[in-house]
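Using this note's numbering, you'd call the opening residue of the sequence shown number -12 and step up by one each time.
First comes the structure, then the notes that go with it.
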Amino acid sequence: MLKNVIPAVVNISVKGKKDVSPMFNIPKEFRFMFPDLDRGTRQREFQALGSGVIIDSKKGYVVTNHHVIEDADEIRIALSDGREFDAKKIGSDPHTDLALLQLKKFDNLTALKLADSDELEVGDFAIAIGNPFGLGQTVTSGIVSALGRTGLNIENIENFIQTDAAINSGNSGGALVNLKGELIGINTAILGPNGGNIGIGFSIPSNMVKTVVDQIQKYGEVRRGQLGVTGTELTSELAKNFGYDHNGGAFVNEVLKGGAADKAGVKSGDIITSVNGKRISSFGELRAKIATIGAGNKVTLGIFRDGKTMELTVTLADVQEMQSDEVSSLSESLNGATLANADEGGVEVQSVDPRSPAAALGLKKGDIITGVNRDEVKDIASLKKSLSSAKGNISALRISRDDSVIYITIR
């Protein structure tokens, strides 16, 4: 099996430049002593190594992690037989940490077939292949330790396969395969001190890889789908209170008016049990699957309501986005930020230009705007309405950041 699989796993080396603060090498507790240094950025050259997987031998497509090729100006692909090729980026998605590359010139490639990751079970054998520490092609083995891992704050959209197959620095973007030699996941992260392996590694499921890659091929980007609900994980106590006697599922706290779920008939208090016939174990898994299926596509949701089961077909809405030039029309203080409707309600800060008014204001990537003054913010439309109707020249944005709530004032 490995003789057939190893030629499809590649080593990736990148070169590029990235903006860094002049204070990056000064300890945080001493940075207040150098206020002038914190007002600008400079570019620093970097080199990095990672791994990738050939998924289409005819088109020369290689999938890897977004963080492997982020800010790269040059991308070089090395095959197990010693051949090397230049590659270009077709598109990437930082929220799932996936990127699609294409070899510029190539011949005689081997590609991996993608397995159905929804068929995986805990205990299935798994083999990890990659380029740890730049040593070269390395194979390790183990089992699937857990499925549907979320809440790790590694990426924005999480539905990881956990494995005890040894994964180390440099394995990012490499393959996790089953005993048939089929791709079941793209290795993306490890949990361990100093970046070393302790038997807890995480991979992006192949089904998520397929949906993201399909959208990048079609549109050059990911057009994220949105259900239009807020919810929480289904605990055993909550399930019992609603008469649901199974494990796993997503509890719907609120259905956003006019959203995709609302139009399909989803109601607050529903328990979503499956997506397209495949059971889900958590609200995080629901969120990840919906986001990567893509806007405009139809999904069938399994619903438990009032002791009965049913199925509802939902046409996913497009996640609304505002680029930095549009955001400035709301407030000059927000100029430089890119905003999008958050999957669970509110407005997410997707990116912040480090030299912009938004960065100076203190906004950070991943912040969720949930309110303006005393008004609740559920989406971009309500944010616009609240800011335009606010009295006076100063407004307070309520921000959800990590596990805390802060306020930022804007003019």
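No residue lacks a Cβ here, since even glycine has one placed at the ideal position from N, Cα and C.
Predicted model, so just to flag it, every value in this text is computed and none were measured.
Residue range of the unbroken beta strand (DSSP E) whose run includes residue i
{"i": "threonine 287", "result": "285 to 292"}
{"i": "aspartate 60", "result": "59 to 65"}
{"i": "phenylalanine 72", "result": "71 to 80"}
{"i": "serine 132", "result": "125 to 136"}
{"i": "isoleucine 259", "result": "258 to 262"}
{"i": "lysine 295", "result": "295 to 302"}
{"i": "isoleucine 397", "result": "391 to 397"}
{"i": "leucine 163", "result": "162 to 164"}
{"i": "isoleucine 356", "result": "355 to 359"}
Contact check, residue i vs residue j, beta carbons under 9 Å
{"i": "alanine 162", "j": "serine 0", "result": "no"}
{"i": "leucine 107", "j": "isoleucine 203", "result": "no"}
{"i": "leucine 88", "j": "alanine 98", "result": "no"}
{"i": "glycine 289", "j": "threonine 325", "result": "no"}
{"i": "arginine 211", "j": "alanine 327", "result": "yes"}
{"i": "glycine 323", "j": "leucine 303", "result": "no"}
{"i": "methionine -12", "j": "leucine 166", "result": "yes"}
{"i": "valine 200", "j": "leucine 36", "result": "no"}
{"i": "lysine -10", "j": "glutamine 34", "result": "no"}
{"i": "aspartate 105", "j": "proline 192", "result": "yes"}
{"i": "threonine 399", "j": "threonine 300", "result": "Nothing about residue 399 can be reported from this structure: the residues present for the chain run from -12 to 398 only."}
{"i": "valine 334", "j": "leucine 370", "result": "yes"}
{"i": "alanine 115", "j": "threonine 150", "result": "yes"}
{"i": "aspartate 366", "j": "leucine 243", "result": "yes"}
{"i": "alanine 275", "j": "glutamate 145", "result": "yes"}
{"i": "isoleucine 56", "j": "leucine 96", "result": "no"}
{"i": "lysine 91", "j": "aspartate 58", "result": "no"}
{"i": "glycine 349", "j": "isoleucine 381", "result": "no"}
{"i": "asparagine 194", "j": "aspartate 103", "result": "yes"}
{"i": "phenylalanine 229", "j": "phenylalanine 147", "result": "no"}
{"i": "isoleucine 64", "j": "asparagine -2", "result": "yes"}
Anticipated Cβ contact below 8 Å, residue i with residue j, distance rounded
{"i": "phenylalanine 112", "j": "serine 132", "result": "No, phenylalanine 112 and serine 132 are not in contact; Cβ-Cβ is about 12 Å, not under 8 Å."}
{"i": "valine 359", "j": "alanine 347", "result": "Incorrect: roughly 19 Å between the Cβ atoms, too far for contact."}
{"i": "isoleucine 397", "j": "leucine 321", "result": "7 Å"}
{"i": "glycine 157", "j": "isoleucine 173", "result": "Incorrect: roughly 14 Å between the Cβ atoms, too far for contact."}
{"i": "valine -4", "j": "glycine 121", "result": "The Cβ separation is near 15 Å, so there is no contact."}
{"i": "serine 318", "j": "leucine 374", "result": "6 Å"}
{"i": "leucine 384", "j": "isoleucine 356", "result": "5 Å"}
{"i": "valine 164", "j": "valine 50", "result": "About 13 Å separates the two Cβ atoms, so there is no contact after all."}
Residues of its chain near residue i, where Cβ-Cβ distance is below 6 Å and the 5 sequence neighbours each way are ignored
{"i": "lysine 351", "result": "none"}
{"i": "alanine 251", "result": "Leu299, Val301"}
{"i": "arginine 136", "result": "Phe147, Gln149"}
Cβ-based neighbour list, residue i, same chain, cut-off 8 Å, excluding 5 preceding and 5 following
{"i": "asparagine 240", "result": "Val216, Thr217, Gly218, Thr219, Ser255"}
{"i": "leucine 420", "result": "Since the first residue shown for the chain is -12 and the last is 398, residue 420 is missing from the structure and cannot be characterised."}
{"i": "histidine 53", "result": "Ser79, Asp80, Pro81, Thr83, Asp84, Leu85, Ala86"}
{"i": "aspartate 305", "result": "Arg210, Arg211, Gly212, Gln213, Ala282, Gly283"}
{"i": "glycine 246", "result": "Gln213, Leu214, Gly215, Val216, Ala304"}
The alpha helix (DSSP H) enclosing residue i, as first and last residue numbers
{"i": "proline 344", "result": "344 to 348"}
{"i": "lysine 197", "result": "193 to 206"}
{"i": "asparagine 228", "result": "223 to 228"}
{"i": "phenylalanine 147", "result": "Here phenylalanine 147 belongs to no alpha helix (DSSP H); instead the beta strand (DSSP E) covers 147 to 150."}
{"i": "glutamate 272", "result": "270 to 280"}
{"i": "leucine -11", "result": "-11 to -8"}
{"i": "alanine 251", "result": "247 to 251"}
Neighbourhood of residue i by C-beta, 7 Å cutoff - its chain only, sequence neighbours within 5 removed
{"i": "phenylalanine 93", "result": "Gly47, Phe72"}
{"i": "lysine 273", "result": "Here the sequence assigns leucine to residue 273, which means lysine is not the residue at that position. The answer, listed in chain order, is Ala237, Ile259, Val262, Ile267."}
{"i": "alanine 248", "result": "Leu214, Gly215, Val216, Val242, Val301"}
{"i": "serine 44", "result": "Leu96, Thr97, Ala98"}
Interface flag, residue i vs chain C, CB-CB below 9 Å
{"i": "glutamate 145", "result": "No chain C appears in the structure shown, which is made up of a single protein chain."}
query: Counting pairs of beta carbons, one from the region 182 to 196 and one from the region 250 to 258, are three or more of them closer than 8 Å?
result: no
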